[in-house]
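Q: Could you have a look at this structure, given as C-alpha cells, before my questions?
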Amino acid sequence: MNDYFTEKGVKEGWVTEIQGNPRYRIKYGVFRSIVPEEEVQCDACEAAKRMELRAQAAEDLVNIGPEERARRTLTGYQIGAAGVAMAIAAVATDAGYFGKYLSTMPIIVGWALVESGKTGL
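Letter 119 of the sequence shown, counting from 1, is numbered 159 in our numbering, and no numbers are missing.
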C-alpha cells in the first residue's frame with residue numbers, strides 16, 4: 041500500500057523525485073533544504089571538513105551550527121511572543137481552563153527552541 045501511494049504521487053507530481061545525490065541541510069530542526077551547488081565542495085574536502093566539525097562538536101558538546109542556532113533562537117522568540125499574545129487573549133476573553141492551558145503550549149515550544157539555540161543541542 042505504501043508503494044502504491046509513493047508510485048502514484050511521483051507519477052502525478054505530488055512528490056518530486058530527486059535526481060543525483062544532492063546534499064541537504066536541516067533548518068529549524070525539522071525542515072530539510074538542498075544545499076546550493078556553489079556551496080558544495082569536493083567529496084574529499086567535505087569528508088575532511090565533516091570530521092573536523094564532528095571533533096569540534098564532540099569537544100564542545102554542540103551538534104548544530106551557528107546559522108541553525110540563530111534560526112532556532114529567533115523562531116523561539118517569535119513563537120513565544122505569539123503564545124504570550126494567546127495567553128493574554130485567553131485570560132481577557134475568559135476562555136476557561138482548557139483554553140488557558142492550550143495557550144501555554146506555544147510558550148513552552150518557544151522556550152524550548154530558544155534554549156536549543158543557546159545551548160546548540
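Just so it is clear, CB atoms sit at the ideal spot from N, CA and C, and this is done for glycine as well.
The model shown is predicted, which means the values in this text are computed figures rather than measured ones.
Starting from I128 and walking both ways along the alpha helix (DSSP H), at which residues does that stretch end?
A: That run of the alpha helix (DSSP H) goes P106 to A132.
Q: Where does R63 fall in DSSP's three states?
A: The answer is coil: DSSP assigns R63 none of H, G, I, E or B.
Q: How big is the Cα-Cα spacing for F138 and W151?
A: So the alpha carbons of these two residues sit roughly 21 angstroms apart.
Q: What is the C-beta distance between R65 and V75, in whole angstroms, given that I count them as a contact (C-beta under 8 angstroms)?
A: Between V75 and R65 the Cβ distance is about 5 angstroms, and since that is below 8 angstroms, they are a contact.
Q: Would I119 pass as a contact of G160 if the rule is Cβ separation under 8 angstroms?
A: No, the Cβ-Cβ distance between I119 and G160 is not below 8 angstroms.
Q: Since T144 and A127 are thought to touch, with beta carbons under 8 angstroms apart, how far apart are those beta carbons, to the nearest angstrom?
A: Between A127 and T144 the Cβ distance is about 7 angstroms, and since that is below 8 angstroms, they are a contact.
Q: In the DSSP output, what is F138 paired with across the bridge?
A: DSSP lists no partner for F138.
Q: Specify, as a first and last residue, the run of the alpha helix (DSSP H) that V102 falls within.
A: Note, V102: premise wrong, no alpha helix (DSSP H); not H, not E.
Q: State the Cα-Cα distance for the pair S156 and A132, rounded to the nearest angstrom.
A: If I take the Cα positions, the gap works out to 31 angstroms.
Q: Buried or exposed, going by whether 16 or more other CB atoms sit within 10 Å of the CB of P146?
A: By the 10 Å Cβ count, P146 comes out buried.
Q: Any idea if R112 is buried or exposed, counting beta-carbon neighbours within 10 angstroms, 16 or more meaning buried?
A: It counts as buried.
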